[in-house]
Ligand SMILES: Cc1cc2nc3c(=O)[nH]c(=O)nc-3n(C[C@H](O)[C@H](O)[C@H](O)COP(=O)(O)O)c2cc1C
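Okay, structure coming up:
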């Protein structure tokens with residue numbers, strides 16, 4: 179039997195992922211004013227110890243008002259870099275490639291943390307602020323009305339993505355992911371169900387895609403040619419009249435020549451009432467479709483929980499990497515366990531060798 183693809187390195191530009199298992203970005207809502215802390219070091223560092231080839235740090239806000247909650251991670255101040263650098267350095271020491279997802283939550287900002295109910299917080303309430311969006315339409319009925327961004331305010335948002343990229347690279351991140359999924363700002367512009375503008379940022383597909391393309395150009399413009407750029411999109415709104423997989427293919431075709439290397443294929447979360455057909459691997463077909471149609475690398479995510487399932491996705495040519503979120507919370511050592519199940523010897527930290535006697539030493 180040939181070596182499992184899951185444990186076959188993947189070179190993207192000048193960066194080589196040691197395996198194809200990625201920790202999907204996961205908000206921890208555990209910051210004060212955007213600053214990473216010991217929680218992030220242990221949470222992210224622990225997954226790197228567990229053997230993930232790629233660890234993508236949670237949605238990290240490019241502006242304070244772009245945070246989903248007051249606890250979100252941020253990269254809107256130079257002072258945010260120092261702790262991020264410490265975390266990056268540790269992840270690299272474990273052989274993981276560190277990536278960061280840059281985000282602006284748009285109309286879904288200014289919320290409570292999930293464990294406090296997750297409700298929108300009005301701008302005049304403690305921990306709340308005025309949210310912004312392409313159009314003055316809230317995510318859910320009864321939520322505060324977003325401020326409709328002016329064209330000059332849109333330009334400022336694009337500039338903050340560039341500044342955030344500079345800080346992320348200064349912290350040592352090797353891959354940047356643009357968050358254009360899950361009903362946050364870039365997705366709100368893409369979808370005809372959240373963008374009702376009449377100017378150059380609304381109406382036609384080209385106009386709705388303009389912000390995503392401008393962010394891509396701004397971020398890529400800060401990166402060296404050897405540094406990979408990913409984009410996460412929601413491949414469908416799962417709602418009539420909304421964003422579709424066909425739109426996603428078209429967007430992928432537009433961002434490819436701008437220097438996006440991999441499309442991270444998620445779905446949904448822009449329409450509160452959408453019915454999502456959750457099932458194992460339910461979004462994998464989107465990654466396959468974009469991969470075949472565009473030749474871009476793709477990432478498959480969503481209810482991938484088993485090593486053989488992950489390997490089958492890669493073997494079938496549906497994606498180039500698999501991203502796992504909740505399974506990585508349940509089992510930070512998923513990559514080590516997957517290696518054992520698939521009959522591969524994965525290197526482990528020297529401190530752990532006695533628990534994995536057949537493994538090689540990693541550090
Ligand atoms: C606690 C938690 C936080 C999340 N935060 C983010 C995030 O910051 N950015 C993002 O794109 N997706 C986020 N997601 C979605 C995951 O990255 C992933 O796409 C989703 O959970 C489906 O994968 P899974 O079935 O492996 O959990 C989050 C999911 C969880 C469970």
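Residue numbers (our numbering): 179 to 541.
Beta carbons: idealized from backbone N, C-alpha and C, even for Gly.
As the structure is a computational prediction, the values presented were derived from the model and not from experiment.
Taking non-hydrogen atoms of ligand 1 into account, the C-beta of residue 205 is found less than 6 Å away from one of them. One thing to note: residue 218 has its Cβ no nearer than 7 Å to the Cβ of residue 253. Taking the Cα positions, residue 276 is about 7 Å away from residue 270. In this model, residue 495 and residue 325 are separated by some 43 Å (Cα to Cα). The criterion of a C-beta distance shorter than 7 Å is not satisfied by residue 524 and residue 223. The DSSP-derived three-state label of residue 195 is strand. DSSP places residue 279 in the strand class (E or B) of the three-state scheme. If only uninterrupted alpha helix (DSSP H) runs of at least 4 residues are considered, those enclosed by the stretch 402 to 485 are 423 to 433 and 462 to 472.
Rounded to the nearest whole angstrom, the C-alpha separation of residue 381 and residue 502 is 35 Å.
The residues 280, 354, 396, 397, 400 and 401, in chain order, have a CB closer than 8 Å to that of residue 343 in the same chain once the five nearest residues on each side in sequence are set aside. Under DSSP, residue 232 shares a beta bridge with 200 and 275.
By the C-beta criterion, the stretch 373 to 380 is judged not to be in contact with the stretch 293 to 305, since fewer than 3 inter-stretch pairs fall below 8 Å.
Around the Cβ of residue 255, a 10 Å sphere holds fewer than 16 other Cβ atoms; the residue is exposed.
Within its own chain, the residues whose Cβ lies closer than 6 Å to the Cβ of residue 345, once the five positions on either side in sequence are excluded, are 253 and 259, listed in chain order.
If you check the C-beta of residue 236 against ligand 1, you find a heavy atom less than 6 Å away. By the neighbour-count criterion, in which 16 or more other beta carbons inside 10 Å mark a residue as buried, residue 231 falls on the buried side.
Within the same chain, Cβ atoms closer than 7 Å to the Cβ of residue 538 are found at 523 and 525, the five residues on either side in sequence being excluded.
Looking at the backbone, the Cα of residue 490 and that of residue 191 are separated by about 25 Å. Residues of the same chain with a CB within less than 6 Å of the CB of residue 196, apart from the 5 flanking positions on each side, are 187, 231 and 273 in chain order.
The shortest C-alpha to C-alpha distance from residue 376 to any of 313, 307, 338 and 284 is the one to 313.
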